[in-house]
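Engineer:
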Amino acid sequence: MLTQAELLTSSTLALRARHLVRGMQLGRHRGIGRGPSSEFFTHRPYSPGDEPRRIDWKLFARTRRHFYKETREDSSVRVLILLDASGSMGAIPAGDDRESKWKTAAILAAAIARVTLRQGDPTALTIFADNEPTELPCTDRPSHWNRIVDAMAEATPQGVFAADLAAKRVAGRFSRRGLIYLMTDGWDDPAQLNRSLSTLATRGHDVRLLRVIDAAEERLPTAEQVRFRDPESTRILQDHATELAPAYRRAVAEHHRLVRSACLRHNATIVTVRTGDDLLSRLRLSLAGRTERSAAS
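When we follow my numbering, the leftmost residue of the sequence shown carries the number 5, and every step to the right adds one.
#1: Indicate the three-state DSSP secondary structure (helix, strand or coil) for Arg254 in the structure shown.
#2: Within 10 angstroms of its Cβ, does His23 collect 16 or more other Cβ (buried), or is it exposed?
#3: In terms of DSSP beta bridges, what is Leu4 paired with?
#4: Among all the DSSP beta bridges, which residues are the ones paired with Leu213?
#5: With a threshold of 8 angstroms, are at least 3 pairs of Cβ atoms found where one atom belongs to the segment 163-183 and the other to the segment 87-97?
#6: Excluding the five sequence neighbours on either side, which residues of its own chain have a C-beta within less than 6 angstroms of the C-beta of Ser200, listed in chain order?
#7: Grouping DSSP H, G and I as helix and E and B as strand, with all else coil, what is Thr295?
#8: Going by beta carbon distance, what residues of the same chain come within less than 8 angstroms of Arg215, once the five residues before and after it are set aside?
#9: Which value, in whole angstroms, describes the spacing of the CA atoms of Ser298 and Ala272?
#10: For Glu247, name the three-state secondary structure that DSSP assigns.
#11: Measuring straight from C-alpha to C-alpha, what distance separates Val25 and Thr138?
#12: Return helix, strand or coil for Pro194, following the three-state DSSP convention.
#13: Does chain C have any CB closer than 8 angstroms to the CB of Phe178?
#14: Pairs of beta-carbons, one from the segment 111-122 and one from the segment 143-156, closer than 8 angstroms: are there three or more?
#15: Give me the residue from Asn198, Thr279 and Arg294 with the minimum Cα distance to Arg212.
#16: Using a Cβ-Cβ cutoff of less than 7 angstroms, which residues in the same chain neighbour Ala266 once the five nearest sequence positions on both sides are dropped?
#17: Hey, Arg102 and Asp218 are a contact pair by Cβ (cut 8 angstroms); roughly how many whole angstroms apart?
#18: Taking only the alpha-carbon atoms, compute the straight-line gap between Pro141 and Ile131 and give it to the nearest angstrom.
#19: So, at 7 angstroms on beta carbons, what are the nonlocal neighbours of Gly31 in its own chain, with the 5 sequence-adjacent residues on each side left out?
#20: What is the DSSP secondary structure of Pro161, reduced to helix, strand or coil?
#21: State buried or exposed for Phe178, treating a residue as buried only when at least 16 other CB atoms are found within 10 Å of its CB.
#22: Reducing DSSP to helix, strand and coil, say where Ile328 ends up.
#23: For Ala157, which residues of its own chain have a beta-carbon under 7 angstroms away from its beta-carbon, when the five flanking residues on both sides are left out?
#24: How about Ala109 and Met93: are their beta carbons less than 8 angstroms apart?
#25: Looking at the unbroken alpha helix (DSSP H) that takes in Leu24, where does it start and where does it end?
#26: Less than 6 angstroms between C-beta atoms, sequence neighbours within five positions excluded: which residues of the same chain meet that for Ile208?
#27: Starting from Thr143, follow the beta strand (DSSP E) in both directions and report where the run begins and ends.
#28: Does Asp192 pass the burial test, meaning 16 or more other C-beta atoms within 10 Å, or should it be called exposed?
#29: Please identify the residue among Ser290, Glu55, Leu291 and Gly280 whose C-alpha is closest to the C-alpha of Lys107.
#30: What are the partner residues of Ala133, as DSSP defines its beta bridges?
In structure tokens form, the structure reads like this:
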């Protein structure tokens, strides 16, 4: 359960996101394929592979050059932010003064939505708390950002998150190719994450995984006796930390490797965000669609 200080309000979340976005000089998203629309927008030179039926033949008759007719939809990207609001996202290790993974993810999600909407990209939000979705439609109205912020402020991290089930639901709702930000701690079975990335990638989506984790999850405390509590199932385990530490480090490193391999397999970018990180650099990487260089970062 989140403490009172950790609970998000719409005003606090909006303020943090605005501060993060302010002054950023960002280009548009990396291009992806988009479908036709009836509203003409502009011309561009024809490129091999473009649909011949959308060549402006009248303009060709005047200029003897091939120009492709773009629509407004061609110049925008449909964006979906898929947010894990399971119990583990709200957990904070004892004695840790960093913000929760949930609060970190919500701030980044709000900042991403602010940028995409200001660029005119229709943006949707899906929050999964205990596998129950809260869904906001895909629209480019500037006022939609306030609804996105309010929805995240009202959400309470709880229960479990099944990435593969969430991806299937999103794929059914978001049938046309688009850009999907999947924000989760990614500590579940890597095979499940692999299935979710496969579901989205095979439909042509540009998938960007933002793994939001707490550095305390990657190492064991120095205390001799450690009590572990699963925030999603509430199971409790007590054991000797010194005996478990080497195997734990190996398991964490292997998990990171499997997650990155799944992203590579499905051409998804991955950015790891640790609570307490400089969020501006993480935001820039996420919007640019660039995978971090270091496997440990």
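C-beta: ideal position from N, C-alpha, C; glycine also.
Since the model is a prediction, treat every value here as computed from it, not as a measurement.
Structural biologist: On the basis of the data shown:
#1: helix
#2: exposed
#3: The structure shown does not extend to residue 4, since the chain spans only 5 to 301, so no value can be given for it.
#4: Leu186 and Ile274
#5: yes
#6: Ala167, Asp168 and Ala171
#7: coil
#8: Thr188, Asp189, Gly190, Val263, Ile274, Val275, Thr276 and Val277
#9: Any reading at Ser298 must be qualified, since the residue scores a pLDDT of 47, below 50, and its modelled position is unreliable; the value itself is stated next. Their Cα atoms are separated by approximately 16 angstroms.
#10: helix
#11: 25 angstroms
#12: helix
#13: Of the chains in the structure shown, none is chain C; there is only one protein chain.
#14: yes
#15: Arg294
#16: Pro194, Leu197, Asn198 and Leu201
#17: 7 angstroms
#18: 12 angstroms
#19: Confidence at Gly31 is low in this model, with a pLDDT of 46, below 50, so its placement is unreliable and no value can be given for it.
#20: coil
#21: buried
#22: Missing from the structure shown is residue 328; the chain here goes from 5 to 301 and no further.
#23: Leu12, Thr13, Ser14 and Leu17
#24: yes
#25: Ser14 to Val25
#26: Correcting the residue identity first, residue 208 is Gly in this sequence and not Ile. Only Arg181 meet the Cβ criterion.
#27: Glu136 to Thr143
#28: buried
#29: Gly280
#30: Glu136
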